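For the sequence shown, our numbering assigns the number 543 to the initial residue and increments by one for each residue that follows. Structure, as C-alpha cells:
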Amino acid sequence: MRSFDYVRARTAEEAVEAFTTHPGARYLAGGTNLVDLMKLGVERPTALIDVSRLPLDRLEELPDGTLRVGATVRNSDLAAHPLVRDRYPVLSQALLAGASGQLRNVATTGGNLLQRTRCTYFQDPGKPCNKREPGSGCGALAGVHRDHAVLGTSPHCVATHPSDMAVALAALDARVELYGPEGTRTVDVSDFHRLPEDRPERDTEIRHGELITGVLLPAAAAGAPSAYRKARDRASYAFALASVAVVIRVAGGRVSRVGLAFGGLAHRPWRARVAEAALLGEPAAAGVFASAVDLELAAARPLPDNAYKVPLARNLALDVLTRLAPAPAPL
Numbered sequence: 543m544r545s546f547d548y549v550r551a552r553t554a555e556e557a558v559e560a561f562t563t564h565p566g567a568r569y570l571a572g573g574t575n576l577v578d579l580m581k582l583g584v585e586r587p588t589a590l591i592d593v594s595r596l597p598l599d600r601l602e603e604l605p606d607g608t609l610r611v612g613a614t615v616r617n618s619d620l621a622a623h624p625l626v627r628d629r630y631p632v633l634s635q636a637l638l639a640g641a642s643g644q645l646r647n648v649a650t651t652g653g654n655l656l657q658r659t660r661c662t663y664f665q666d667p668g669k670p671c672n673k674r675e676p677g678s679g680c681g682a683l684a685g686v687h688r689d690h691a692v693l694g695t696s697p698h699c700v701a702t703h704p705s706d707m708a709v710a711l712a713a714l715d716a717r718v719e720l721y722g723p724e725g726t727r728t729v730d731v732s733d734f735h736r737l738p739e740d741r742p743e744r745d746t747e748i749r750h751g752e753l754i755t756g757v758l759l760p761a762a763a764a765g766a767p768s769a770y771r772k773a774r775d776r777a778s779y780a781f782a783l784a785s786v787a788v789v790i791r792v793a794g795g796r797v798s799r800v801g802l803a804f805g806g807l808a809h810r811p812w813r814a815r816v817a818e819a820a821l822l823g824e825p826a827a828a829g830v831f832a833s834a835v836d837l838e839l840a841a842a843r844p845l846p847d848n849a850y851k852v853p854l855a856r857n858l859a860l861d862v863l864t865r866l867a868p869a870p871a872p873l
C-alpha cells in the first residue's frame with residue numbers, strides 16, 4: 543500500500559493551486575483509468591486532487607453556436623444529450639462504442655482525453671517501456687505488437703491512444719479548454735495529443751498544473767453528416783484495432799468540407815490532413831475517396847504483426863465516406 547494525500551477542490555483555482563504545491567500530484571475525476579494504473583503500480587501519485595465536484599458538469603450553447611461541454615460531464619450523459627445526438631452524431635456514436643455502460647456512467651470528458659495507452663508493456667512494471675520508464679526500451683518492437691501503431695511511430699514507442707471520443711472530436715475540429723498557472727487557453731484536439739518522437743512519456747501538450755475545464759464543439763460542424771465506425775476483437779468493451787470518424791459536407795456533388803480522423807493507428811488520434819486536402823473540392827465519388835485515403839495511409843510503417851491495420855483502416859474509411867456522401871447520379 544502506497545500512501546498519498548487527498549485534496550477535494552472546490553474551484554478550478556483551488557485545484558490548480560493544490561496540484562502545483564504537491565509535486566507528483568494527479569487530478570482525479572471519474573478515476574476509471576488512473577485508479578487502475580495505481581493498482582498496477584504504473585501511476586504512483588503523491589497526491590490526488592479531486593476535481594469531480596467542480597461546477598464543470600454542464601453542457602451549454604454559447605452565443606456563437608458553439609457547444610461547450612464541461613470537463614466532468616459523464617460520457618453516458620454526453621452521448622445521450624439531444625444536442626449532441628442531433629448536431630454531432632459522430633461524437634455520440636464514438637462514445638457509445640467505448641467501454642461499457644457502467645464505465646461510461648463514471649468516466650468524464652476530460653478524463654477520456656487524458657486516458658493512457660493500454661499497451662501491455664506500459665501496464666506491466668516488469669517489462670521495458672519508454673513511456674513508463676524513459677530509456678528502458680520498447681518491448682513491443684520485437685515483442686507482441688498486433689494492436690500497436692502503424693502511423694507516426696518512433697524507435698522509442700509504438701503505443702496507440704485508446705480514446706474513441708478523441709477521434710470524433712478531432713474530426714469535428716473541437717478544441718480543449720485548459721486552465722492553469724498561466725491562465726486560460728484552448729488547444730485544437732488534433733494538436734492536444736503528441737506523437738512519441740523521443741519523448742514518449744509525454745502523452746499530451748498539457749502544461750504542468752493545467753486542468754481541462756471543457757471541450758468546445760464548433761458551430762461550423764453542427765448538423766454536418768458524420769459517423770464513427772470501429773473495428774475490434776469483440777462486439778463490446780474492447781479498444782479499437784482501427785476506427786474512423788468522418789464529418790463531411792457535399793455541395794453540387796463535390797466535397798465542400800471534410801474532417802477525417804483515424805483511431806487505433808497512432809500515438810494520438812490521427813487527423814488525416816493529406817486525405818482531407820485531396821478530397822476538398824473533388825467529386826464525392828468512390829474512386830476519389832479511395833485515392834485520398836491511400837495517399838494518407840502511404841505513410842504507414844507497420845510492424846510484422848500489425849500490417850493488417852492498413853487495409854482495415856482503409857476499408858473502414860471508404861465505407862463511412864461512401865455511406866455519408868453517396869456518389870452523384872450520372873448525367
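Beta carbons: idealized from backbone N, C-alpha and C, even for Gly. Treat the numbers as computed from the prediction; the structure is a model and nothing was measured.
When secondary structure is reduced to three states using DSSP, Asp628 falls in the helix class. Annotation: Phe546 is outside any beta strand (DSSP E) and is labelled neither H nor E by DSSP. The shortest C-alpha to C-alpha distance from Ala761 to any of Ser545, Thr659, Val626 and Gly685 is the one to Val626. For Ser833, no beta strand (DSSP E) segment is defined; the enclosing uninterrupted segment is the alpha helix (DSSP H) at Ala828 to Leu839. In its chain, beyond the 5 residues on either side, Val800 and Leu802 have a beta carbon closer than 6 Å to the beta carbon of Glu818. Under the three-pair Cβ rule at 8 Å, the region 747 to 755 counts as touching the region 718 to 726. For Phe804, the enclosing beta strand (DSSP E) begins and ends at Arg796 to Gly805. Here the C-alpha atom of Val852 lies approximately 7 Å from the C-alpha atom of Leu839. Counting other Cβ atoms within 10 Å of its Cβ, Tyr548 stays below 16 and is therefore classed as exposed.
The C-beta separation of Arg616 from Asn647 comes to about 6 Å, placing the pair in contact by the 8 Å criterion.
Non-local beta-carbon contacts of Ser618 in its own chain, meaning distances under 6 Å to residues more than five positions away in sequence, involve Arg646 and Asn647 in chain order. Under the three-pair Cβ rule at 8 Å, the region 764 to 783 does not count as touching the region 729 to 749. With contacts defined as CB atoms closer than 8 Å, Ala855 and Leu807 qualify as a contacting pair.
In this structure, Ala571 places its C-beta atom within 8 Å of the C-beta atom of Gly653.
When DSSP states are grouped into helix, strand and coil, Val558 belongs to the helix group. Rounded to the nearest whole angstrom, the C-alpha separation of Leu609 and Arg791 is 20 Å.
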